[in-house]
Amino acid sequence: MKIAIIGGGWVGKRLAKYLTERNHHVIVTTTTPDKITELKTVAAEVHLLDFNEVSETDFLNDAEIAIFSMPISQNSWHQGFESISNVFPKTILFSSTGIYPQQNRIFTENDTDHLRADILNSEMKVLEKYPQTIILRLGGLMGDERSLKNFFNNKKVPHPEKLVNYIHYEDILASIDLLLHSDKPAGIYNFVAPEHPSMGEILNIEDKNTMVQADLSSQRIISSELFVQEFSYTFIRPNPKCF
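If you're matching positions, the sequence shown starts at 572 in my numbering and goes up one per residue.
See the structure below:
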């Protein structure tokens, strides 16, 4: 299968390696010339593509699937994105659970009030051009060097009682493998690990606020239940304490 990953960032690079190892022909784009050599180790083709400039995109013509991994909260790519004319049978967009407001309750895909405008605008830009897109709203990206221990190395954690909404990149890769072979139509899905320990629990901080089992509805929690039900998905890394 010929797969285009538009945006060879932290997730894009790992996804390219994963798909290449499964004998797909992977095309990766980047806006950074310095990344080309590195990305060539994980993809069959690497191309510079900067939506801020007029870019030739004929190299995408035969791609069966396009996975959009642009910075979802930025609008710098919007105008250039509107000008591309490639047709893709299937498209997937990586969005963010940051779209939901900072309110203490459980959020599902049915919640449409007070969504963060910049992220929603980016989702709409992609859907307007490619209405068949499946949108994955990803939780905080974790795995390898991305860990709370590294983020808070020698730093005080301001709110150790805060429950997390994280996703391990291994589950992102597995979800894409599943979606490649799915005939599901367009849809929006939250994709977050089903367990929500506190930051203090993950970091083994002894704090009276982290020792009590929290009521999930008392904090901001993102639910992935829709994705689990519709795709019969079992998480590889369900608990951020074990990331």
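C-beta: ideal position from N, C-alpha, C; glycine also.
Q | Beta-carbon proximity list for aspartate 633, same chain, < 8 Å, skipping 5 on both sides | A | Mapped onto the sequence shown, residue 633 falls at position 62. Taken in chain order, the residues that qualify are Lys573.
Q: Pick helix, strand or coil for glycine 651, following the three-state DSSP scheme.
A: Position 80 of the sequence shown, counted from the first residue, corresponds to residue 651. Correct three-state label for glycine 651: helix.
Q: List the residues that DSSP assigns as beta-bridge partners of tyrosine 760.
A: Within the sequence shown, the letter at position 189 stands for residue 760. Looking at the DSSP assignment, tyrosine 760 forms a beta bridge with Leu707.
(Q) With a threshold of 8 Å, are at least 3 pairs of Cβ atoms found where one atom belongs to the region 791–802 and the other to the region 747–760? (A) With the cut-off at 8 Å, the region 791–802 and the region 747–760 touch.
Q) Any idea which residues DSSP pairs threonine 662 with across the strands? A) Walking along the sequence shown from the start, residue 662 turns up at place 91. DSSP lists Ala637 as partners of threonine 662.
Q. Which two residues bound the contiguous alpha helix (DSSP H) that contains isoleucine 576?
A. Counting from one through the sequence shown, the residue named residue 576 turns up at place 5. Here isoleucine 576 belongs to no alpha helix (DSSP H); instead the beta strand (DSSP E) covers 573–577.
Q. When you compare each of Glu699, Tyr671, Phe678 and Ile690 to asparagine 646 by their alpha carbons, which one comes out closest?
A. Locating residue 646 in the sequence shown gives position 75, where the first residue counts as 1. Answer by Cα proximity: Ile690.
Q: Kindly indicate the opening and closing residues of the alpha helix (DSSP H) around threonine 591.
A: For the purposes of this step, residue 591 is taken as the residue at position 20 of the sequence shown. Segment 581–591, the alpha helix (DSSP H) holding threonine 591.
Q.
Restricting to Cα atoms, I'd like to know which of Lys812, Ser746, Ile773 and Leu774 is closest to leucine 664.
A. Taking the sequence shown and counting its residues from 1, the one referred to as residue 664 is at position 93. The residue with the shortest Cα to Cα distance from leucine 664 is Ser746.
Q) How about threonine 600 and leucine 620: are their beta carbons less than 8 Å apart? A) Position 29 of the sequence shown, counting from 1, holds the residue named residue 600. Position 49 of the sequence shown, counting from 1, holds the residue named residue 620. Closer than 8 Å, so yes.
Q | Collapsed DSSP secondary structure at leucine 751 in the structure displayed | A | Within the sequence shown, residue 751 is the residue found at index 180, counting from 1. Here leucine 751 sits in helix by DSSP.
Q: Please go through the same chain and pick out, in chain order, the residues whose beta-carbon is closer than 7 Å to the beta-carbon of glutamate 680, but skip the five residues on each side of it.
A: Start at 1 with the first residue of the sequence shown, and residue 680 comes out as number 109. Hits under 7 Å: Ile759, Tyr760, Asn761 and Leu797.
Q | Residue nearest to leucine 698 in terms of C-alpha spacing, selected from Phe652, Leu719 and Ala764 | A | By 1-based counting over the sequence shown, the position of residue 698 is 127. The candidate whose alpha carbon is nearest that of leucine 698 is Phe652.
(Q) I'd like the span of the alpha helix (DSSP H) that includes threonine 600, first residue to last. (A) The residue you call residue 600 lines up with position 29 of the sequence shown. Per DSSP, threonine 600 belongs to no alpha helix (DSSP H); it is in the beta strand (DSSP E), 596–601.
Q: Using three-state DSSP, classify valine 617 as helix, strand or coil.
A: By 1-based counting over the sequence shown, the position of residue 617 is 46. Correct three-state label for valine 617: strand.
Q. How long is the line joining the alpha carbons of histidine 767 and histidine 752, rounded to whole angstroms?
A. As a position in the sequence shown, residue 767 is number 196, starting the count at 1. As a position in the sequence shown, residue 752 is number 181, starting the count at 1. Their Cα atoms are separated by approximately 29 Å.
**Q.** CA-to-CA distance, isoleucine 598 to glycine 579, given in whole angstroms
**A.** Looking up residue 579 in the sequence shown gives position 8. Looking up residue 598 in the sequence shown gives position 27. Computed Cα separation, rounded: 10 Å.
Q) Taking DSSP as the reference, what is the three-state secondary structure of lysine 812? A) Taking the sequence shown and counting its residues from 1, one reaches residue 812 at position 241. Three-state result, lysine 812: helix.
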